[in-house]
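Numbering (the UniProt record's numbering), first residue to last: 1 to 293.
Comments concern the structure below.
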């Protein structure tokens, strides 16, 4: 009887895991399609060598008691209706993180590498997001300046985020606390992705401080998107059919790992609008916790 119960429980757990993987894969595909229907977002997601596009790790369902702010509370049509990250696949990694994401196509991955930093590819007429002086994944054969991040790490992560009306402070304007949360969230993806690729040690990394500057209002959108089931990912005359048009309420957040000293990691980030204008910036110190003895 005990053996039968154990077998049944194992089968149920396997079914649940498979269902979660399918749900995460479907959610990732829908959100990527949503952003590709918005012209200026599609330009950022254009195919280039080693580009990985996926749902943020913190957004995935089935995470247990952790990351519930992003995976549940802010995972609604009227809060954050869509959220994807994109970055250059690290040289030391042969595969993308665990199931639930959507990487670039095999054709994109097979193309030979280019000298230009993929993160600098910007839509015409748009100001490029600031980037470190070296490429995102540094060449491990070259000597690194003092206090630079270890070679081979993912040092830059970008994200597209659709902001809905339930994030308002002033009418139509995202609450400043939410903007700070977005900066901290995307900064944290640097560590989550490096760990998922096996490039960073297991101890957790925590935010020690986050300094934020608000440059311009961060505007929210109508709160529609793939989560409502009405956003199809199609575009008509340059406008998405889901109410976001040219990207109302959508922002580009870029985070860069700029310095490392032992367990301390310094990260910079900015929030930009569809014209490339800087809306907010942040600089933070993250500290890797000590392993338990």
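A virtual CB, placed ideally from N, CA and C, is assigned to each residue, including glycine.
A quick note: this is a predicted structure, and the numbers were derived from the prediction, not measured.
- Secondary structure at residue 168: strand, using DSSP grouped into helix, strand and coil.
- Here residue 260 has 147, 148, 149, 150, 266 as same chain residues with Cβ atoms under 8 angstroms from its own Cβ, once five neighbours each way along the sequence are excluded.
- Of the residues 211, 82, 165, 215, the one whose Cα lies closest to the Cα of residue 54 is 82.
- Pairing residue 189 with residue 79 gives a Cβ-Cβ distance that is not under 8 angstroms.
- About 15 angstroms separates the Cβ atoms of residue 220 and residue 160, ruling out a contact at the 8 angstroms cut-off.
- Within the DSSP secondary-structure output, residue 86 pairs in a beta bridge with 53, 158.
- With respect to residue 216, residue 277 sits close: the two C-beta atoms are nearer than 8 angstroms.
- A direct Cα-Cα distance of roughly 18 angstroms separates residue 178 from residue 208.
- The three-state secondary structure of residue 218, taken from DSSP, is coil.
- Per the DSSP secondary-structure output, residue 285 pairs in a beta bridge with 209, 266.
- With contacts defined by Cβ atoms closer than 8 angstroms, residue 271 and residue 183 form a contacting pair.
- In this structure residue 193 is in contact with residue 57, their Cβ atoms being roughly 7 angstroms apart against a cut-off of 8 angstroms.
- Contact between residue 289 and residue 203 is confirmed by a C-beta separation of about 5 angstroms, below the 8 angstroms threshold.
- Between residue 280 and residue 218 the beta-carbon gap is near 6 angstroms, inside 8 angstroms, which marks them as a contact.
- Apart from the 5 residues on each side of it in sequence, residue 201 has no Cβ closer than 6 angstroms to any other Cβ in its chain.
- In the DSSP annotation of this structure, the continuous segment of the beta strand (DSSP E) that includes residue 254 starts and ends at 250-261.
- Its chain contains 35, 36 as the residues whose beta carbon lies nearer than 8 angstroms to that of residue 42, once the 5 sequence neighbours on both sides are disregarded; these appear in chain order.
- Ranked by Cα distance from residue 206, the first of 158, 226, 263 is 263.
- Taking C-beta separations shorter than 6 angstroms and ignoring five residues to either side along the sequence, the partners of residue 291 in its chain run 203, following chain order.
- A distance below 6 angstroms between beta-carbons, with the five flanking residues on each side excluded, links residue 30 to the following residues of its chain, in chain order: 226.
- Residue 87 and residue 186 do not touch by the CB rule: their CB atoms are close to 11 angstroms apart, not below 8 angstroms.
- Of the other Cβ atoms in all chains shown, fewer than 16 fall within 10 Å of the Cβ of residue 64; this residue is therefore exposed.
- The C-alpha of residue 287 is placed about 31 angstroms away from the C-alpha of residue 169.
- The DSSP-derived three-state label of residue 173 is strand.
- Per DSSP, the beta bridge partners of residue 280 are 214, 271.
- Distance from the Cα of residue 22 is smallest, within the candidate group 180, 44, 62, for 62.
- With a threshold of 16 other beta carbon atoms within 10 Å, residue 247 meets it and is buried.
- Judged by DSSP in its simplified three-state form, residue 81 adopts strand.
- In the structure shown, residue 163 falls within a strand segment according to DSSP collapsed to helix, strand and coil.
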